[in-house]
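Okay, structure first, notes after.
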């Protein structure tokens, strides 16, 4: 989450039942290294006290333009301070005022005054979201360069299941990172990333594997997506979180991984092979082998497909990236692998 670290994020909070998620959001942004300040609408203060956000962010919260204790130029100073103005949750009322250029309270005045990037995360009843006036206001703001994340679909406060709920915290954080990310040469590139360990089954219960969690590959895929890449993660660990804006498929064995990679090979422009792939697979028994049936167990092993070598032979002008885990002569062995597999880059 390097694109958020040390960034100044102004979190605008409007009147919505989803305000409790803004508390979680402020903490998620702070955990990612951001400096967060909060500006609230007067309606928002009916749902939550400004003191709550002061405690969460360790920064003063602004909400009343005419409070004598507040900065008289708060809307100017806050707008100049921020790297990004994130409004979450954003009510239909706020979106309407923003589209109409109305500046009758601190949060709307700050919106009008800011030169920072603006990201809006709507939250409202599905009927309010679907209303033609709301949709027209959203389109007006988009034409002016305002970005939106969500709303998502799910159970709303009224009990309906429909579109209108505030996007998940991870999706909002992702959108903030994307908005703050520097212009990247990988934007729009089709990137395939593999992650996690293969499992090669000895019988229906036991398998040979390794301790790879897939987290490094997941982080690479997520960062590529943040920077605008068209990413597909091929994962051997189903417990890894989803990545907003990235496709995903799962594999178990080395042969399944090879099948998923080669199925998408023609479309990919960059292939990053972080998956920890078994070099050998056992001849699988049918059912479960009972240890009482034998005093020793000799397992016949057969080689798996060398996915990297196949990629290197066929890659053409694609970029292929590999990883090498070595216990000795690390640099020499990695260089040999880089050449033998015809890779563009290798990490040791």
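Numbering (our numbering), first residue to last: 1305 to 1652.
Note that beta-carbon positions come from the ideal geometry of N, C-alpha and C, so glycine has one too.
Quick one: what's got a C-beta closer than 7 Å to residue 1568's C-beta in the same chain, skipping five residues either side?
For the purposes of this step, residue 1568 is taken as residue 264 along the chain shown, with counting starting at 1. Result list for residue 1568: 1496 and 1536, in chain order.
Could you tell me whether the Cβ atoms of residue 1476 and residue 1329 are closer together than 7 Å?
Residue 1476 sits at position 172 when you count from the first residue of the chain shown. Residue 1329 sits at position 25 when you count from the first residue of the chain shown. The answer is yes: Cβ separation under 7 Å.
Contacting residues, own chain, Cβ-Cβ under 7 Å from residue 1372 (five flanking each side not counted):
Your numbering for residue 1372 matches position 68 in the chain shown. Because the pLDDT at residue 1372 is just 43, under 50, the model does not fix this residue reliably, and the point stays unresolved.
Can you give the Cα-Cα distance for residue 1390 and residue 1489, rounded to whole angstroms?
Taking the chain shown and counting its residues from 1, the one referred to as residue 1390 is at position 86. Taking the chain shown and counting its residues from 1, the one referred to as residue 1489 is at position 185. Rounded to whole angstroms, residue 1390 to residue 1489 spans 26 Å at the Cα level.
For residue 1435, I'd like the list of residues in its chain whose CB is within less than 8 Å of its CB, leaving aside the five on either flank, ordered along the chain.
The sequence position of residue 1435 within the chain shown is 131, counting from 1. Excluding residues within five positions, the ones whose Cβ falls inside 8 Å are 1396.
Tell whether a beta-carbon distance below 7 Å holds between residue 1521 and residue 1493.
For this step, residue 1521 is matched to residue 217 along the chain shown. For this step, residue 1493 is matched to residue 189 along the chain shown. It is not a contact, given that the beta carbons lie outside the stated cut-off.
Can you tell me which residues form a DSSP beta bridge with residue 1388?
The residue you call residue 1388 lines up with position 84 of the chain shown. Residue 1388 pairs with 1313 and 1421.
CB contact flag (residue 1383, residue 1417, <7 Å)
Within the chain shown, the letter at position 79 stands for residue 1383. Within the chain shown, the letter at position 113 stands for residue 1417. A contact, by the Cβ cut-off of 7 Å.
Using DSSP with H/G/I as helix, E/B as strand and the rest coil, what is residue 1481?
Sequence index remark: in the chain shown, residue 1481 carries index 177 (1-based). Secondary structure of residue 1481 (DSSP, three-state): helix.
Between the Cα of residue 1606 and the Cα atoms of 1481, 1504, 1354 and 1361, which residue gives the shortest distance?
In the chain shown, residue 1606 corresponds to position 302, counting from 1. Per the Cα distances, 1504.
Selected residue, minimal CA-CA separation from residue 1498, among 1357, 1625, 1336 and 1321:
Numbered from 1 along the chain shown, position 194 holds the residue referred to as residue 1498. Minimum Cα distance to residue 1498 is reached at 1625.
Please state whether the Cβ-Cβ distance between residue 1429 and residue 1468 is less than 7 Å.
Walking along the chain shown from the start, residue 1429 turns up at place 125. Walking along the chain shown from the start, residue 1468 turns up at place 164. Yes. Within cutoff.
Rounded C-alpha distance that separates residue 1450 from residue 1399:
Within the chain shown, the letter at position 146 stands for residue 1450. Within the chain shown, the letter at position 95 stands for residue 1399. Taking C-alpha positions only, residue 1450 is separated from residue 1399 by approximately 11 Å.
Just to confirm the assignment, what range does the beta strand (DSSP E) spanning residue 1586 have?
Within the chain shown, the letter at position 282 stands for residue 1586. It spans 1584 to 1586 - the beta strand (DSSP E) in which residue 1586 sits, taken as one unbroken run.
Which residue from 1552, 1405 and 1363 puts its Cα closest to that of residue 1444?
Counting from 1 along the chain shown, the entry for residue 1444 is found at position 140. The closest CA to that of residue 1444, considering only 1552, 1405 and 1363, is found on 1405.
Nearest by alpha-carbon distance to residue 1446: which of 1610, 1423 and 1307 is it?
Within the chain shown, residue 1446 is the residue found at index 142, counting from 1. Comparing Cα-Cα distances from residue 1446 to each of 1610, 1423 and 1307, the minimum goes to 1423.
Let me know the secondary structure DSSP gives residue 1428 once reduced to three states.
Within the chain shown, the letter at position 124 stands for residue 1428. Judged by DSSP in its simplified three-state form, residue 1428 adopts coil rather than helix or strand.
Would you kindly report the start and end of the unbroken alpha helix (DSSP H) that includes residue 1359?
Taking the first residue of the chain shown as 1, we reach residue 1359 at position 55. Looking at the DSSP string, the run of the alpha helix (DSSP H) that includes residue 1359 is 1354 to 1361.
Using DSSP's beta-bridge definition, name the partner residues of residue 1340.
Walking along the chain shown from the start, residue 1340 turns up at place 36. Paired residue(s): 1313.
Could you say which of 1367, 1577, 1616 and 1437 lies nearest to residue 1401 if we only look at CA atoms?
Translated into positions along the chain shown, residue 1401 becomes position 97. Checking every option, the nearest Cα to that of residue 1401 belongs to 1437.
Residue 1486 burial status per 10 Å Cβ neighbour count (16 or more: buried)
Position 182 of the chain shown holds residue 1486. Looking at its Cβ environment, which holds fewer than 16 other Cβ atoms inside 10 Å, residue 1486 is exposed.
For a test of the three-state rule: what should DSSP assign to residue 1520, helix, strand or coil?
Stepping through the chain shown from its first residue, residue 1520 is reached at position 216. Correct three-state label for residue 1520: helix.
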